[in-house]
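Here my numbering is used: the first residue of the sequence shown is 1117, the next is one more, and so on. Before any comments, here is the structure.
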Amino acid sequence: MREYYEQLDANKFHNLEEMDNFLETYSLPKLNQEEIDQLNRPITRNEIEYVIKTLPTNKTIRRTKEIKGI
1117 MREYYEQLDA NKFHNLEEMD NFLETYSLPK LNQEEIDQLN RPITRNEIEY VIKTLPTNKT
1177 IRRTKEIKGI
């Protein structure tokens, strides 16, 4: 897992122009202002409660070497 993050860190863009050039290479969808506002709004208590209530029951996370090492 450490190697993954080291590689991720190694691939950082050195300046904004380089990042812009990379992003222009691909046809990525753009968010409009309404979508940006929706994503940036606070998460409500009702949303959190809904997610907790709809989680599957009787499910546990299997402990693996990767999880133990975190």
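Note that CB positions come from ideal geometry on N, CA and C, so glycine has one too.
| Distance between residue 1161 and residue 1171 (C-alpha atoms, nearest Å) | Taking the first residue of the sequence shown as 1, we reach residue 1171 at position 55. Taking the first residue of the sequence shown as 1, we reach residue 1161 at position 45. Looking at the two C-alpha atoms, the distance is approximately 16 Å.
| What span of residues does the alpha helix (DSSP H) with residue 1164 cover, start to end? | Counting from 1 along the sequence shown, the entry for residue 1164 is found at position 48. First-last of the alpha helix (DSSP H) with residue 1164: 1161–1170.
| Does DSSP put residue 1137 in a helix, a strand or coil? | As a working mapping, residue 1137 is identified with position 21 in the sequence shown. Helix, per DSSP.
| task | Return yes when the Cβ of residue 1155 is within less than 9 Å of the Cβ of residue 1144, no when it is not. | result | The residue you call residue 1144 lines up with position 28 of the sequence shown. The residue you call residue 1155 lines up with position 39 of the sequence shown. 9 Å or more divides the Cβ of residue 1144 from the Cβ of residue 1155.
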